[in-house]
Ligand SMILES: [Zn+2]
């Protein structure tokens, strides 16, 4: 599943490829992805121009004229490309948006868990209303130790699930949560309400560093055309515990253990993480 760093890089690359381009025609080849494509099929976007592309959580939002935006979520296997018009349609490509420079914005998804919708943008707002419920952005100023601590106070679930909760903070996926908790020295199994402000400082600090590094490492791999294959961990974060169960901790030599939390495997060092 594309994580925040991947979606950030897709959004940046889409911005370069789309801004100032005018839509000539839209083609919809399937009735639905995770949601119906019928509204998109009947929408009149011909002549509209792309104004900006932004990311919110794991969503990419492409604003067009007329206070509207395409909302994209890549699900498990969504791929977006901007390519010359002469390339034949691939089997699982569901949407073509023809641009005035001869390129086509193409959306592919084999498992159809992704989303491609057209939304109204409320006056003066950067994102469609459906995204209002999402938590704060981890790389923005509002993600502070004080914020995280205040949210944690009454939370009975474990720390790992808490920092992966998209209603608290968006886009800290399994790899990044696992690594953040190692660097913060926090046991992923602990109840979130036991976190001190000092521990929240470490979690906020390390999550920002790890996500920024992942964004930087992926930025160079996306150039003229865009491609996300939906695989997790493609971005080369220097992994300390994720995927290292049974191996020795780089810091202390203790064998890395793992536990299932919220259905996801969580690796941790029982010595370094308390
Ligand atoms: Zn250790």
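Residue numbers (the numbering used here): 440 to 713.
Glycine included, each C-beta is placed from N, C-alpha and C at the ideal position.
_Distance between beta carbons of residue 709 and residue 693, contact taken as under 8 Å_ = Position 254 of the chain shown, counted from the first residue, corresponds to residue 693. Position 270 of the chain shown, counted from the first residue, corresponds to residue 709. So it is a contact: roughly 6 Å between Cβ atoms.
_Out of 458, 512, 469, 593, which one is the CA nearest neighbour of residue 488?_
In the chain shown, the residue the question calls residue 488 occupies position 49. Out of 458, 512, 469, 593, 458 has the C-alpha closest to the C-alpha of residue 488.
_Per the DSSP calculation, residue 553 is bridged to which residue(s)?_
For the purposes of this step, residue 553 is taken as the residue at position 114 of the chain shown. Bridge partners of residue 553: none, in fact.
_On the criterion of 16 or more Cβ atoms from any shown chain inside 10 Å, does residue 592 qualify as buried, or is it exposed?_
Position 153 of the chain shown, counted from the start, is the residue given in the question as residue 592. Classification for residue 592: exposed.
_Through-space distance from residue 691 to residue 577, alpha-carbon basis_ = On the chain shown, position 138 is the one that residue 577 refers to. On the chain shown, position 252 is the one that residue 691 refers to. In a straight line, the C-alpha of residue 577 is about 29 Å away from that of residue 691.
*Which residues in the same chain have their Cβ closer than 7 Å to the Cβ of residue 596, if we skip the five residues on either side of it in sequence?*
Stepping through the chain shown from its first residue, residue 596 is reached at position 157. So the qualifying residues of the chain are 631.
*Roughly how many angstroms separate the alpha carbons of residue 695 and residue 689, rounded to a whole number?*
Residue mapping note: residue 695 aligns to position 256 of the chain shown, counting from 1. Residue mapping note: residue 689 aligns to position 250 of the chain shown, counting from 1. Cα-Cα distance, rounded: 10 Å.
_Spatial distance of residue 563 from residue 493 (CA atoms)_ = Locating residue 563 in the chain shown gives position 124, counting from the first residue. Locating residue 493 in the chain shown gives position 54, counting from the first residue. One C-alpha to the other measures close to 15 Å.
*residue 531 lies in the alpha helix (DSSP H); which residues open and close that run?*
In the chain shown, the residue the question calls residue 531 occupies position 92. It is not in any alpha helix (DSSP H) - residue 531 carries neither H nor E in the DSSP assignment.
*Compare the Cα-Cα distances from residue 490 to each of 505, 547, 480, 476 and report the closest residue.*
Position 51 of the chain shown, counted from the first residue, corresponds to residue 490. Out of 505, 547, 480, 476, 505 has the C-alpha closest to the C-alpha of residue 490.
_Under 6 Å, CB to any heavy atom of ligand 1. Which residues pass, going along the chain?_
688, 690, 691, 693, 708, 710, 711
_CA-to-CA distance, residue 518 to residue 545, given in whole angstroms_ = Looking up residue 545 in the chain shown gives position 106. Looking up residue 518 in the chain shown gives position 79. Using only the alpha carbons, I get a separation of about 8 Å.
*Beta carbon of residue 543: closer than 8 Å to some heavy atom of ligand 3?*
This structure lacks ligand 3; the ligands present are ligand 1.
*Name the two residues that bound the continuous beta strand (DSSP E) containing residue 697.*
Within the chain shown, the letter at position 258 stands for residue 697. Its beta strand (DSSP E) spans residues 696-700.
*In the DSSP assignment, find the alpha helix (DSSP H) that holds residue 480 and state where it starts and stops.*
For the purposes of this step, residue 480 is taken as the residue at position 41 of the chain shown. First-last of the alpha helix (DSSP H) with residue 480: 477-481.
*Candidates 485, 473, 450: which alpha carbon is nearest residue 462's?*
Translated into the one-based positions of the chain shown, residue 462 becomes position 23. When only C-alpha atoms are compared, the closest one is 485.
_residue 465 - containing beta strand (DSSP E), residue span_ = Here the question's residue 465 lines up with position 26 in the chain shown. Here the beta strand (DSSP E) through residue 465 covers 462-467.
_Spatial neighbours of residue 529 within its chain, please: C-beta separation below 7 Å, excluding the five flanking residues on both sides._
Sequence index remark: in the chain shown, residue 529 carries index 90 (1-based). These residues qualify, in order along the chain: 547.
*What are the boundary residues of the alpha helix (DSSP H) that residue 448 is part of?*
Start at 1 with the first residue of the chain shown, and residue 448 comes out as number 9. Unbroken alpha helix (DSSP H) run through residue 448: 443-457.
*By a C-beta neighbour count over all protein chains shown, 10 Å radius and 16 as the cutoff for buried, is residue 481 buried or exposed?*
Along the chain shown, one-based indexing puts residue 481 at 42. With fewer than 16 other Cβ atoms within 10 Å, it is exposed.
*Within the same chain, show all residues whose beta-carbon is closer than 8 Å to that of residue 515, passing over the 5 residues directly before and after it, in chain order.*
Within the chain shown, numbered from 1, the residue matching residue 515 stands at position 76. Taken in chain order, the residues that qualify are 440, 550, 552, 553, 669.
*Quick one: what's got a C-beta closer than 8 Å to residue 470's C-beta in the same chain, skipping five residues either side?*
Here residue 470 corresponds to residue number 31 of the chain shown, with the count starting at 1. Correct list, in chain order: 476, 477.
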